[in-house]
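Asker: The structure under discussion is supplied below as structure tokens; questions concerning it will follow.
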Amino acid sequence: MHICGPDIFLQEYINVKNRRIVVKVGTSTLTNELGNSNLYTMERLAMALADVQNMGNEVILVSSGAIAVGANKMHLTERPQSVRMKQAAAAVGQCENMFLYDKFFGYYNKTVAQILLNAEDIAQEVKKENLTNTFNALLEQKIIPIVNENDSVSYTEIESKDRLFGDNDMLSAVVAVLCQADLLIILSDIDGFYDKDPRLYKDAKLIGRIETIDESVYELAGGAGSRRGTGGMRTKLGAADLCAAQGIDTIVTNGKDPSVLYRIMQGEKVGTLFVGK
Ligand code: ADP
Numbered sequence: 009m010h011i012c013g014p015d016i017f018l019q020e021y022i023n024v025k026n027r028r029i030v031v032k033v034g035t036s037t038l039t040n041e042l043g044n045s046n047l048y049t050m051e052r053l054a055m056a057l058a059d060v061q062n063m064g065n066e067v068i069l070v071s072s073g074a075i076a077v078g079a080n081k082m083h084l085t086e087r088p089q090s091v092r093m094k095q096a097a098a099a100v101g102q103c104e105n106m107f108l109y110d111k112f113f114g115y116y117n118k119t120v121a122q123i124l125l126n127a128e129d130i131a132q133e134v135k136k137e138n139l140t141n142t143f144n145a146l147l148e149q150k151i152i153p154i155v156n157e158n159d160s161v162s163y164t165e166i167e168s169k170d171r172l173f174g175d176n177d178m179l180s181a182v183v184a185v186l187c188q189a190d191l192l193i194i195l196s197d198i199d200g201f202y203d204k205d206p207r208l209y210k211d212a213k214l215i216g217r218i219e220t221i222d223e224s225v226y227e228l229a230g231g232a233g234s235r236r237g238t239g240g241m242r243t244k245l246g247a248a249d250l251c252a253a254q255g256i257d258t259i260v261t262n263g264k265d266p267s268v269l270y271r272i273m274q275g276e277k278v279g280t281l282f283v284g285k
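In my numbering, the protein residues as written are 9 to 285.
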């Protein structure tokens, strides 16, 4: 394992001008404890991403939260358990999320587009090519694609314990690779990757930079994450691993305050940087 503390860091490694940047935001950032949309965060996120694009970058947003938001809108008292209800909630929540994104990005004169994906869409060569073309066409037009799993269609994604896309962490990496992005930013409910789960250990220390993701790094990540998030750090490591192999840097940091994106653009040391090979 090659790791070093948060002091030795970032700007030497990433150049955040004229870059293609994928930003992933998790359910725990987009919703509050009651499962309601976190409007403050969503609006700040839209503003920050609009600015990141205005700085000359291309931006793709990978956004979770459809099931939680849908369940809330359907007045379900607890998170749906059956596949059919999860898929119904995803359909309702996706609509609500896109409505809010369209509105918030619209304030900043940005056009957004919805792309819903399943694992199979990337496994098939023809579909993969179609998708890449769609992304490129949207980005050329300065449109911000907003990507999510197609939960209402994909039985396996919702049901499987070993979800390939793990609450969109892996999906964001797959999209970053597909679009040949330069940087993946995973916004989580935690400041970055620690030497142990900080929710369980008060003395956990933030790791500033990781060069190689091997088994010893995976051992530092606990199981599935927070109540509303489902991926946990393992799936974020998997995502960073996939990107690193393709030369894409990944930053995992806290999305509670989306202005963290400005700090990243200025080359400030935030969260954990997983260095692309
Ligand atoms: P999100 O929905 O924001 O993506 P998740 O709940 O899926 O968040 O994952 C983040 C959670 O992973 C943290 O809240 C933390 O409890 C857990 N975790 C486990 N191991 C670690 C670790 N080594 N460093 C940081 N967080 C960890």
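Ideal placement from N, C-alpha and C gives every residue a C-beta, glycine not left out.
Please return the same chain residues whose Cβ sits closer than 7 Å to the Cβ of leucine 18, not counting the five positions on each side in sequence.
Answerer: Indexing the sequence shown from 1 puts residue 18 at position 10. Because the pLDDT of leucine 18 is 47, which lies under 50, any placement of that residue in the model is unreliable, and the number read from its coordinates should be weighed accordingly. Cβ neighbours of leucine 18 beyond the five flanking positions: Gly275, Lys277 and Leu281.
Asker: DSSP state of aspartate 159, grouped into three classes?
Answerer: Position 151 of the sequence shown holds residue 159. It is coil, neither helix nor strand.
Asker: Can you pull the DSSP bridge partners for leucine 269?
Answerer: Within the sequence shown, residue 269 is the residue found at index 261, counting from 1. Paired residue(s): none; leucine 269 is not in a bridge.
Asker: Closer than 7 Å to a non-hydrogen atom of the ligand ADP - does that hold for the CB of threonine 37?
Answerer: The residue you call residue 37 lines up with position 29 of the sequence shown. Threonine 37 Cβ: within cutoff of the ligand ADP.
Asker: Within the same chain, show all residues whose beta-carbon is closer than 7 Å to that of lysine 285, passing over the 5 residues directly before and after it, in chain order.
Answerer: Locating residue 285 in the sequence shown gives position 277, counting from the first residue. Only Ala252, Ala253 and Gly255 meet the Cβ criterion.
Asker: Run the proximity test for methionine 241: is its beta-carbon closer than 7 Å to any non-hydrogen atom belonging to the ligand ADP?
Answerer: As a first step, residue 241 is located in the sequence shown; it is residue number 233 there, counting from the start. Checking every heavy atom of the ligand ADP against the Cβ of methionine 241, one is found closer than 7 Å.
Asker: Measuring alpha carbon to alpha carbon, tell me which residue in Ile198, Leu139 and Val182 is nearest methionine 241.
Answerer: The sequence position of residue 241 within the sequence shown is 233, counting from 1. Taking only the C-alpha atoms, the option nearest methionine 241 is Ile198.
Asker: Going by the CB atoms, is the gap between threonine 35 and aspartate 175 shorter than 8 Å?
Answerer: Here residue 175 is taken as the residue at index 167 of the sequence shown, counted from 1. Here residue 35 is taken as the residue at index 27 of the sequence shown, counted from 1. Yes. Within cutoff.
Asker: If I measure Cβ to Cβ from tyrosine 115 and keep anything under 8 Å in the same chain, skipping five residues before and after, which residues do I get?
Answerer: To locate residue 115, count along the sequence shown from 1; it is residue 107. Excluding residues within five positions, the ones whose Cβ falls inside 8 Å are Glu51, Ala54 and Met55.
Asker: Where in the stretch 186–244 do unbroken runs of the alpha helix (DSSP H), each at least 4 residues long, occur, reported from the N-terminal end onward?
Answerer: Listed in chain order, they are 223–226.
Asker: CB-CB under 8 Å to glycine 263, same chain, minus the five flanking residues each way: which ones, in chain order?
Answerer: Mapped onto the sequence shown, residue 263 falls at position 255. Counting only Cβ-Cβ distances below 8 Å, and skipping sequence neighbours, we find Val33, Gly34, Thr37, Thr49, Leu53, Leu195, Ser196 and Asp197.
Asker: In three-state terms, what does DSSP make of glutamine 254?
Answerer: As a first step, residue 254 is located in the sequence shown; it is residue number 246 there, counting from the start. Three-state DSSP puts glutamine 254 in coil, outside helix and strand.
Asker: Glycine 200 and valine 283 - do their beta-carbons sit closer together than 8 Å?
Answerer: Counting from 1 along the sequence shown, the entry for residue 283 is found at position 275. Counting from 1 along the sequence shown, the entry for residue 200 is found at position 192. No, these two residues do not count as a Cβ contact at 8 Å.
Asker: When burial is assigned at 16 or more other CB atoms within 10 Å of the CB, is glutamine 188 buried or exposed?
Answerer: Here residue 188 refers to the residue found at position 180 of the sequence shown. Burial call: exposed.
Asker: By DSSP, does arginine 27 sit in helix, in strand, or in coil?
Answerer: Looking up residue 27 in the sequence shown gives position 19. Note: arginine 27 maps to coil in three-state DSSP.
Asker: Around the Cβ of arginine 92, are there at least 16 other Cβ atoms within 10 angstroms (buried) or fewer (exposed)?
Answerer: On the sequence shown, position 84 is the one that residue 92 refers to. Its Cβ having fewer than 16 others within 10 Å, arginine 92 is exposed.
Asker: Where DSSP assigns a beta bridge to leucine 146, which residues make up the other side?
Answerer: Against the sequence shown, residue 146 aligns to sequence position 138. Answer is none; leucine 146 lacks a bridge partner.
Asker: What would DSSP say about glutamine 132, mapped onto helix, strand or coil?
Answerer: Taking the sequence shown and counting its residues from 1, one reaches residue 132 at position 124. It is coil, neither helix nor strand.
Asker: Touch check for the stretch 127–146 and the stretch 98–105: three-plus C-beta pairs under 8 Å?
Answerer: Cβ pair count under 8 Å is below three, so no.
Asker: Would you tell me roughly how many angstroms separate the C-alpha atoms of arginine 87 and glycine 43, rounded to the nearest one?
Answerer: Locating residue 87 in the sequence shown gives position 79, counting from the first residue. Locating residue 43 in the sequence shown gives position 35, counting from the first residue. Between arginine 87 and glycine 43, the C-alpha separation is close to 9 Å.
Asker: According to DSSP, is valine 70 helix, strand or coil?
Answerer: Sequence index remark: in the sequence shown, residue 70 carries index 62 (1-based). DSSP places valine 70 in strand when its eight states are reduced to three.
Asker: Helix, strand or coil for valine 278 per DSSP?
Answerer: The count along the sequence shown starts at 1 and reaches residue 278 at position 270. Coil.
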